[in-house]
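Notes follow the structure.
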Amino acid sequence: MIATLHTPCGRLFLYGDASKVVRISWSHLAGRNHAGCLDWAVKDLYNYFQGKTRIFTGGLDFWEGSVAWIRSGDTRPPRNRLQEVLYLMSMIPYGTTVTYGDLARSIGGTRYSRFVGQVCRLNPLPVIIPCHRVVARDSIGGYSYGIKKKRCLLELEGYRKYV
Numbered sequence: 001m002i003a004t005l006h007t008p009c010g011r012l013f014l015y016g017d018a019s020k021v022v023r024i025s026w027s028h029l030a031g032r033n034h035a036g037c038l039d040w041a042v043k044d045l046y047n048y049f050q051g052k053t054r055i056f057t058g059g060l061d062f063w064e065g066s067v068a069w070i071r072s073g074d075t076r077p078p079r080n081r082l083q084e085v086l087y088l089m090s091m092i093p094y095g096t097t098v099t100y101g102d103l104a105r106s107i108g109g110t111r112y113s114r115f116v117g118q119v120c121r122l123n124p125l126p127v128i129i130p131c132h133r134v135v136a137r138d139s140i141g142g143y144s145y146g147i148k149k150k151r152c153l154l155e156l157e158g159y160r161k162y163v
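Taking this note's numbering, the leading residue of the sequence shown gets 1, the next gets one more, and so forth.
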């Protein structure tokens with residue numbers, strides 16, 4: 001099921017059901033309208049974009065193939081290095097940033113900086129797993145959906161260094 005949320009940064013699309021969201025995208029996602037089953041996720045994201053919440057409800061469920069944002073329950077541990085980076089990204093506090101190198105060091109060294117960038121690009125749950133908070137050492141870095149969206153998200157969170 002698909003839900004659409006109009007945000008200050010553009011339209012955000014969610015794919016999931018009453019218990020989980022498995023995909024969030026700034027690009028159109030096709031599917032049947034959620035008919036209310038994703039209201040819990042839409043409300044949480046709406047409150048984030050209104051500045052009313054900084055921490056999302058539920059947790060992350062790292063399963064064999066990917067990760068889901070679950071409505072209730074605690075985060076389940078990552079199963080591989082890619083999921084470990086996604087988990088570490090999910091822990092970056094609202095309004096702050098870390099560099100690709102910072103995350104790379106936490107999984108084994110700066111030689112993993114490009115890997116961290118690839119994980120950001122593959123992130124199935126942008127905003128919930130805040131890859132927009134990962135920046136280059138001396139610039140804003142990249143963002144799969146464009147620098148304009150990344151700047152918008154950082155500015156929304158009050159981070160001004162690169163906006």
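Yeah, the Cβ is synthetic: ideal placement off N, Cα and C, and Gly gets one too.
Note that the coordinates shown come from a computational prediction; the quantities given were computed from them, not determined experimentally.
1) Round the Cβ separation of Ile107 and Val98 to the nearest angstrom and send it over; I've been treating them as touching at under 8 angstroms.
2) Are the beta-carbon atoms belonging to Leu14 and His34 less than 9 angstroms from one another?
3) Nearest CA to the CA of Pro126: which residue from Ile55, Ser25, Arg79, Ile2?
4) Mind checking which residues open and close the beta strand (DSSP E) that includes Leu38?
5) Distance, Cα to Cα, Leu86 vs Ile129?
6) Closest by CA to Cys120, which one among Ser19, Met1, Lys150?
7) If you check the beta carbons only, do Tyr94 and Val135 fall under 9 angstroms apart?
8) Which residue's Cα is closest to the Cα of Gln83: Arg133, Arg71, Leu103, Ser72?
9) Just the C-alpha distance for Gly16 and Met1, rounded to the nearest angstrom, thanks.
10) Let's see if you can read the secondary structure: which residues bound the beta strand (DSSP E) around Ala104?
11) What do you get for Leu122, buried or exposed, if any count of 16 or more other CB atoms within 10 angstroms of its CB means buried?
12) Answer with buried or exposed for Ala68, where buried requires no fewer than 16 other C-beta atoms within 10 angstroms of its C-beta.
13) Which residue's Cα is closest to the Cα of Leu5: Asp39, Leu154, Lys20?
14) Give the C-beta separation of Leu60 and Ser90 to the nearest angstrom, bearing in mind that I take them to be a contact with Cβ-Cβ under 8 angstroms.
15) What does a CB cutoff of less than 6 angstroms around Gly171 pick up in its chain, not counting 5 residues either side in sequence?
16) Are the CB atoms of Ala3 and Ala41 within a distance shorter than 9 angstroms?
17) Can you list, in chain order, the residues of its chain whose CB lies under 6 angstroms from that of Pro78, leaving out five sequence neighbours each side?
If we stick to the structure as given:
1) By 1-based counting over the sequence shown, the position of residue 107 is 107. By 1-based counting over the sequence shown, the position of residue 98 is 98. Actually they do not touch by this definition, with Cβ atoms about 12 angstroms apart.
2) On the sequence shown, position 14 is the one that residue 14 refers to. On the sequence shown, position 34 is the one that residue 34 refers to. Yes; because the gap between Cβ atoms is below 9 angstroms, this pair is in contact.
3) Residue 126 sits at position 126 when you count from the first residue of the sequence shown. Minimum Cα distance to Pro126 is reached at Ser25.
4) For the purposes of this step, residue 38 is identified with residue 38 of the sequence shown, where counting begins at 1. Premise fails: Leu38 is in no beta strand (DSSP E) and is neither H nor E.
5) As a first step, residue 86 must be located in the sequence shown, where it is residue number 86. As a first step, residue 129 must be located in the sequence shown, where it is residue number 129. Cα to Cα, the separation comes out at about 7 angstroms.
6) Reading the sequence shown from its first residue, position 120 is the one you call residue 120. If we check each option's Cα against that of Cys120, Lys150 comes out closest.
7) What you label residue 94 is simply residue 94 of the sequence shown in a count that begins at 1. What you label residue 135 is simply residue 135 of the sequence shown in a count that begins at 1. No, Cβ-Cβ distance for Tyr94 and Val135 is not below 9 angstroms.
8) As a first step, residue 83 is located in the sequence shown; it is residue number 83 there, counting from the start. Taking only the C-alpha atoms, the option nearest Gln83 is Leu103.
9) By 1-based counting over the sequence shown, the position of residue 16 is 16. By 1-based counting over the sequence shown, the position of residue 1 is 1. Their backbone Cα atoms lie some 5 angstroms apart in a straight line.
10) Here the question's residue 104 lines up with position 104 in the sequence shown. It is not in any beta strand (DSSP E) - Ala104 instead sits in the alpha helix (DSSP H) that spans 100 to 106.
11) In the sequence shown, the residue the question calls residue 122 occupies position 122. With fewer than 16 other Cβ atoms within 10 Å, it is exposed.
12) Taking the first residue of the sequence shown as 1, we reach residue 68 at position 68. So Ala68 ends up on the buried side.
13) Looking up residue 5 in the sequence shown gives position 5. When only C-alpha atoms are compared, the closest one is Asp39.
14) In the sequence shown, the residue the question calls residue 60 occupies position 60. In the sequence shown, the residue the question calls residue 90 occupies position 90. Sure, about 6 angstroms apart at Cβ, within 8 angstroms.
15) With the chain represented from 1 up to 163, any question about residue 171 goes unanswered, as that position is not in the structure.
16) Stepping through the sequence shown from its first residue, residue 41 is reached at position 41. Stepping through the sequence shown from its first residue, residue 3 is reached at position 3. Yes; because the gap between Cβ atoms is below 9 angstroms, this pair is in contact.
17) Numbered from its first residue, the sequence shown carries residue 78 at position 78. Cβ within range, chain order: Phe62, Glu84, Tyr87.
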